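Each remark here refers to the structure printed beneath this line.
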Amino acid sequence: MKIRTRTLLALLPALTVVCPALAQTGNYPNKVIRWVIPFVAGGGTDVVARPIALAMGEMMGQPIVYDNRGGGNGMIAGEIVAKAAPDGYTLLVGSPSVITTNQSLYAKMPFDPIRDFSPITKFANVPNLLGAHPSLPARTVQELLEYAKANPGKVNWASSGIGSGGHLGIELFQSRAGVKVVHVAYKGAGPALVGLIGGDVHLLLAGPGVFMQHVKAGRVRALAIGSLQRIPILPEVPTLDESGFPGMQSGSWYGLVAPTGTPGAIIRFIHAATVKVLNLPETAARLAADGAIASGNAPEQFAKDIRNEAAMWARVIKQAGIKVD
Numbered sequence: 013m014k015i016r017t018r019t020l021l022a023l024l025p026a027l028t029v030v031c032p033a034l035a036q037t038g039n040y041p042n043k044v045i046r047w048v049i050p051f052v053a054g055g056g057t058d059v060v061a062r063p064i065a066l067a068m069g070e071m072m073g074q075p076i077v078y079d080n081r082g083g084g085n086g087m088i089a090g091e092i093v094a095k096a097a098p099d100g101y102t103l104l105v106g107s108p109s110v111i112t113t114n115q116s117l118y119a120k121m122p123f124d125p126i127r128d129f130s131p132i133t134k135f136a137n138v139p140n141l142l143g144a145h146p147s148l149p150a151r152t153v154q155e156l157l158e159y160a161k162a163n164p165g166k167v168n169w170a171s172s173g174i175g176s177g178g179h180l181g182i183e184l185f186q187s188r189a190g191v192k193v194v195h196v197a198y199k200g201a202g203p204a205l206v207g208l209i210g211g212d213v214h215l216l217l218a219g220p221g222v223f224m225q226h227v228k229a230g231r232v233r234a235l236a237i238g239s240l241q242r243i244p245i246l247p248e249v250p251t252l253d254e255s256g257f258p259g260m261q262s263g264s265w266y267g268l269v270a271p272t273g274t275p276g277a278i279i280r281f282i283h284a285a286t287v288k289v290l291n292l293p294e295t296a297a298r299l300a301a302d303g304a305i306a307s308g309n310a311p312e313q314f315a316k317d318i319r320n321e322a323a324m325w326a327r328v329i330k331q332a333g334i335k336v337d
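Just so we're aligned: the sequence shown equals residues 13 to 337 in my numbering.
Pasting the structure below:
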């Protein structure tokens with residue numbers, strides 16, 4: 013059975029519930045839907061969101077145009093959607109940078125992520141993997157702490173840039189652990205990985221997909237995963253929570269938000285369609301293969317999570333004195 017037939021049948025119960033409310037806002041969707049992506053093509057956002065967009069377009073009977081607008085750490089794309097008509101036809105594929113951290117990193121922004129967006133749902137969480145160069149004499153997070161305390165200023169920890177998710181993860185770790193490491197900022201996860209493999213740095217926090225082939229080849233040692241549960245592709249790797257940091261998470265996520273003022277019926281309709289796609293076996297398998305954990309949380313829960321995360325990172329960023337020009 014083709015995916016379109018199967019997914020349409022799967023969505024029928026949800027459509028039955030939502031459609032009466034949609035009658036008050038028009039027959040949505042009746043034209044092409046545009047998803048604006050805050051990064052250039054080919055990145056982690058595309059890996060997670062592009063197949064979901066394709067399946068949802070088939071499911072809803074209207075194509076979803078995938079519009080990559082990289083630049084400004086997500087602010088170019090964010091401004092486009094924040095100023096778009098709130099009719100459900102221009103949506104933002106959001107991530108922590110554009111939704112929860114930029115407002116604490118930059119002195120000025122062209123929009124307010126909390127005020128100007130209505131959260132729809134989170135597609136997936138992508139936990140960071142803490143990878144170490146094999147020369148580091150630590151095979152667990154606790155051994156890393158002992159080594160860092162015994163060798164202050166000698167542990168070099170890479171990130172993909174100032175204010176990146178990996179950098180913020182370093183600052184959170186230092187705050188929770190009471191240790192100090194040397195932050196080495198690279199221009200992207202790729203160069204940071206080269207630095208790690210080459211032994212120029214000891215540690216790197218990044219998505220599992222960045223590391224997998226190197227972990228299998230023994231060029232990188234996996235110390236911990238930044239989720240509350242272990243992930244299928246690395247079942248032997250403990251979580252930070254298990255490693256002495258209760259409740260600590262580090263990673264990224266991808267989700268969908270609309271301009272504030274978008275009718276609630278449309279928000280609920282898109283949420284229902286997203287959940288159906290996320291529940292398809294092929295979607296779950298594909299996400300798991302990339303180390304991602306499917307979500308599909310309700311709009312209200314997504315909004316709460318965004319507020320809580322923004323407040324947490326604001327504290328971390330202020331304490332660390334991080335600013336981006």
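All residues carry an ideal CB built from backbone N, CA and C; glycine is no exception. None of these values were measured; they are calculated from a predicted model.
Opposing strand residues paired with residue i [DSSP bridges]
i, result
"residue 139", "263"
"residue 76", "45"
"residue 57", "Answer is none; residue 57 lacks a bridge partner."
"residue 288", "Bridge partners of residue 288: none, in fact."
"residue 195", "169"
"residue 271", "129"
"residue 305", "137"
"residue 233", "144"
"residue 106", "267"
"residue 251", "237"
"residue 215", "144 and 169"
Residues near residue i in its chain [Cβ-Cβ closer than 8 Å; skip 5 each side]
i, result
"residue 17", "With a pLDDT of only 44 at residue 17, under 50, the local geometry of the prediction cannot be trusted, and no value is derived from it."
"residue 226", "143, 205, 209 and 232"
"residue 296", "290 and 306"
Residue from the options whose Cα sits closest to the Cα of residue i
i, options, result
"residue 290", "109, 137, 125 and 42", "137"
"residue 108", "142, 293, 303 and 268", "268"
"residue 148", "179, 125, 110 and 231", "231"
"residue 144", "213, 51, 277 and 73", "213"
"residue 135", "284, 325 and 321", "284"
"residue 162", "303, 184, 179 and 191", "191"
"residue 337", "173, 151, 201 and 218", "173"
"residue 319", "87, 184, 258 and 112", "112"
"residue 42", "54, 167, 294 and 71", "71"
"residue 53", "83, 294, 67 and 251", "83"
"residue 273", "110, 103, 305 and 244", "103"
"residue 309", "292, 244 and 286", "286"
"residue 150", "255, 119 and 325", "255"
"residue 305", "223, 245, 167 and 252", "245"
"residue 326", "119, 58 and 203", "119"
"residue 224", "297, 301 and 88", "301"
"residue 293", "51, 203 and 67", "67"
Contact check, residue i vs residue j, beta carbons under 8 Å
i, j, result
"residue 132", "residue 279", "yes"
"residue 60", "residue 299", "yes"
"residue 98", "residue 271", "yes"
"residue 10", "residue 170", "With the chain covering only 13 through 337, there is no way to say anything about residue 10."
"residue 181", "residue 262", "yes"
"residue 247", "residue 303", "no"
"residue 75", "residue 69", "yes"
"residue 90", "residue 282", "no"
"residue 56", "residue 307", "no"
"residue 114", "residue 86", "yes"
"residue 152", "residue 215", "no"
"residue 218", "residue 229", "no"
"residue 128", "residue 94", "yes"
"residue 331", "residue 187", "yes"
Residues near residue i in its chain [Cβ-Cβ closer than 6 Å; skip 5 each side]
i, result
"residue 335", "none"
"residue 33", "Because the pLDDT at residue 33 is just 45, under 50, the model does not fix this residue reliably, and the value given afterwards should be weighed accordingly. Closer than 6 Å at the Cβ level, and outside the excluded window around residue 33, lie 277."
"residue 321", "112"
"residue 168", "194, 196, 213 and 214"
Close-in-space but distant-in-sequence residues of the same chain around residue i (CB under 7 Å, 5 per side omitted)
i, result
"residue 206", "none"
"residue 37", "In this predicted model, residue 37 has a pLDDT of only 46, less than 50, meaning its place in the structure is not dependable enough to derive any value."
"residue 164", "192"
"residue 160", "167, 191 and 193"
beta-carbon residue i near the ligand NAP non-hydrogen atom, thresh 7 Å
i, result
"residue 74", "This structure does not include the ligand NAP; it has no bound ligands of any sort."
For this session: Decide if the stretch 240-247 is in contact with the stretch 191-204; the criterion is three or more beta carbon pairs, one per stretch, under 8 Å apart.
Result: The stretch 240-247 is not in contact with the stretch 191-204.
Problem set entry | Validate contact between the stretch 310-320 and the stretch 135-151 using beta carbons, cut 8 Å, 3 pairs | Touching, no, given that fewer than three Cβ pairs across the two stretches are closer than 8 Å.
Exercise. Are the stretch 115-128 and the stretch 148-161 touching by the rule of at least three beta carbon pairs closer than 8 Å?
Worked result: Between the stretch 115-128 and the stretch 148-161 there are fewer than three inter-stretch CB-CB distances shorter than 8 Å, so the stretches are not counted as touching.
Exercise. For the 8 Å Cβ check, are there 3 or more pairs between the stretch 44-53 and the stretch 69-80?
Worked result: Yes: the two stretches touch, three or more of their Cβ pairs being nearer than 8 Å.
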